[in-house]
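Colleague:
Numbering (UniProt numbering), first residue to last: 1 to 273.
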């Protein structure tokens with residue numbers, strides 16, 4: 001106990017990858033992400049709301065103007081579809097587009113996706129370490145500076161300190177006080193779902209730790225997606241889901257939500273209901 005594996009000379013010195021080598025591989029990977037024909041065709045399949053959001057973001061990138069956006073939409077409204085269309089468009093032009101998400105699962109469905117913690121070296125314990133471990137002279141810093149677009153999905157589950165730290169990082173790397181260093185940054189999420197986790201916290205603690213209570217929130221341009229593409233054939237379910245998410249569904253005397261009988265399915269187990 002208490003020993004380091006390197007003490008036993010099990011790995012040859014020339015086999016160990018340096019930090020610079022790892023960063024070099026990351027940059028090579030980002031610059032060589034293959035954009036498939038299928039990904040390029042996504043922009044032709046956007047619905048009206050997605051197309052409006054797409055146009056606003058691409059216009060900001062094309063004109064080299066800053067842009068900090070939040071794509072708001074319940075599950076099924078096509079946020080990921082929009083991100084993929086944006087990433088494909090930017091990458092197809094030979095530019096860098098960084099795809100990140102708060103969780104590994106969400107990051108895995110974005111082409112070239114990484115967790116925000118991994119990509120921007122944000123401390124896991126953000127309450128103890130309010131910084132990003134990236135040197136301004138590093139290859140990773142160059143990669144971030146070169147990025148034309150940064151996507152961060154599921155930001156609604158991240159603590160506000162993470163986004164505030166990310167803002168400070170970009171300002172430092174770009175030597176400017178402009179929000180997010182003047183980069184085009186697209187956040188997305190759904191505050192109707194899971195909020196940031198606070199150890200031993202109460203409902204109000206979860207809310208106050210979210211991006212909604214950061215000074216950054218009112219400075220983000222909001223882009224709304226409301227058409228549920230996943231449940232288009234069941235409008236009653238979509239409406240019920242939105243009422244619950246927006247806090248408009250009537251509560252019972254026990255302060256609970258009663259699921260409408262029309263949405264329930266009866267299941268027989270061993271002949272019993």
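Using N, Cα and C, we set each Cβ at its ideal position, and we do this for glycine too.
Here's the rule I'm using: 16 or more other beta-carbon atoms within 10 Å means buried, otherwise exposed. How should residue 153 be labelled?
Modeller: Buried, by the Cβ-count rule.
Colleague: Might you give, ordered along the chain, the residues of its own chain that have their beta carbon closer than 6 Å to the beta carbon of residue 47, omitting 5 neighbours on each side?
Modeller: The answer, listed in chain order, is 227.
Colleague: Looking only at its chain, what residues have a beta carbon closer than 7 Å to the beta carbon of residue 33, apart from the 5 residues adjacent to it on each side?
Modeller: Closer than 7 Å at the Cβ level, and outside the excluded window around residue 33, lie 91, 111, 112.
Colleague: Leaving out five residues before and five after residue 15 in sequence, what residues of the same chain have Cβ atoms less than 6 Å from its Cβ?
Modeller: Model confidence at residue 15 stands at a pLDDT of 45, short of 50, so the residue's coordinates are unreliable; what they give is reported in the following sentence. Contacts found: none.
Colleague: Considering only the beta carbon of each residue, do residue 212 and residue 53 sit closer than 9 Å?
Modeller: Not in contact: residue 212 and residue 53 (Cβ atoms no closer than 9 Å).
Colleague: Bridge partners of residue 222, per DSSP?
Modeller: Paired residues: 70.
Colleague: In the DSSP assignment, what are the bridge partners of residue 100?
Modeller: According to DSSP, which records beta bridges pairwise, residue 100 is partnered with 114, 152.
Colleague: With H, G and I counted as helix, E and B as strand and the rest as coil, what does DSSP make of residue 251?
Modeller: Residue 251 falls in the strand class under three-state DSSP.
Colleague: Can you tell me whether DSSP reads residue 259 as helix, strand or coil?
Modeller: Three-state result, residue 259: coil.
Colleague: Measure the alpha-carbon distance for residue 179 versus residue 134 and round it to whole angstroms.
Modeller: So the alpha carbons of these two residues sit roughly 19 Å apart.
Colleague: Can you give me the start and stop residues for the beta strand (DSSP E) that residue 187 sits inside?
Modeller: That run of the beta strand (DSSP E) goes 184-189.
Colleague: Quick one, are the C-beta atoms of residue 98 and residue 188 less than 9 Å apart?
Modeller: Cβ distance not < 9 Å, so residue 98 and residue 188 don't count as in contact.
Colleague: Given a cut-off of 9 Å, decide if residue 122 and residue 165 are closer than it, judged by their beta-carbon atoms.
Modeller: Going by C-beta atoms, residue 165 is nearer than 9 Å to residue 122.
Colleague: Looking at residue 198: is its Cβ nearer than 9 Å to the Cβ of residue 205?
Modeller: Closer than 9 Å, so yes.
Colleague: Sorted by chain position, which residues of the same chain lie with C-beta nearer than 7 Å to residue 104's C-beta, five sequence neighbours on each side aside?
Modeller: Hits under 7 Å: 115.
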